[in-house]
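Here full-length UniProt numbering is used: position 19 in the sequence shown is 19, and no number is missing along the way. Note sheet for the following structure.
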Amino acid sequence: MISFLIFLSVFLFMECVTWLTHKYVMHGFMWYFHADHHQPKYEDTFERNDIFFVIFAIPSIVLFYFGVQGGFNYLFFIACGITLYGVCYFLIHDVLIHQRFKWFKNTKNKYLIGLRKAHKIHHKHLGKEKGECFGMLFVPFKYYKM
């Protein structure tokens, strides 16, 4: 039971980490890597912004390694929480919102439509200033009512 609580807590905490990282790192000192993501059209399959997938994967990989070495200890379940959040982030951000893969084009789900609207508001600013809606899985309720 404690393992599941660790996993769930880390998964939920990752939304806070994502919000803070997106606002203060991606729209801050690492804007160079994130800037191409705010352009209307992508030139290539990959963006400089994709480096953040690698950056977020490194702690998870390290935690998996030490979690397995320690006999599937709490580090393993922290890594599971981070990894599941990364999978959800990919599915929501890259598949649903930006349609980098055409898997969920015609969703009628109000939650998913709300996420898409909030992210659209985030992308209306092409620069790093004046941003809003930095989260990914939890966005203000007003976007579900629009």
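The C-beta atom is built at its ideal place from N, Cα and C for all residues, glycine as well.
Close beta carbons around residue i, own chain, < 8 Å, minus the five adjacent residues each side
| i | result |
| --- | --- |
| Y111 | Y144 |
| K105 | Q99 |
| P140 | A118, C133 |
| W31 | K128 |
Residue i beta carbon near the ligand ADP (any heavy atom closer than 6 Å)
| i | result |
| --- | --- |
| I97 | The ligand ADP is not part of the structure shown, which contains no ligands of any sort. |
Reduced DSSP category for residue i - H, G, I as helix; E, B as strand; rest coil
| i | result |
| --- | --- |
| P59 | helix |
| W103 | coil |
| H22 | helix |
| Q69 | helix |
| M14 | helix |
| L137 | coil |
| F46 | coil |
Buried or exposed by the 16-neighbour rule on C-beta atoms within 10 Å, applied to residue i
| i | result |
| --- | --- |
| I2 | exposed |
| F7 | buried |
| L12 | exposed |
| G67 | buried |
| Y85 | buried |
| F76 | buried |
| L5 | exposed |
| A79 | buried |
| F138 | exposed |
| F101 | exposed |
| G81 | buried |
Chain-order list of residues whose beta-carbon lies under 6 Å from that of residue i (same chain, five-residue window excluded)
| i | result |
| --- | --- |
| T83 | S60 |
| N73 | G67 |
Of the residues the options, the one placed nearest residue i, counting alpha carbons only
| i | options | result |
| --- | --- | --- |
| V54 | I78, F90, W19, G70 | F90 |
| L63 | F134, V10, G131 | V10 |
| E132 | Y32, G71, N109, H38 | H38 |
Cut-off 7 Å between Cβ atoms - residues of its own chain near residue i, not counting five sequence neighbours on either side
| i | result |
| --- | --- |
| G135 | E15, T18, W19 |
| R116 | L96, I97 |
| N49 | F33, H34, D36, H37 |
C-beta atoms of residue i and residue j nearer than 7 Å
| i | j | result |
| --- | --- | --- |
| K128 | H27 | yes |
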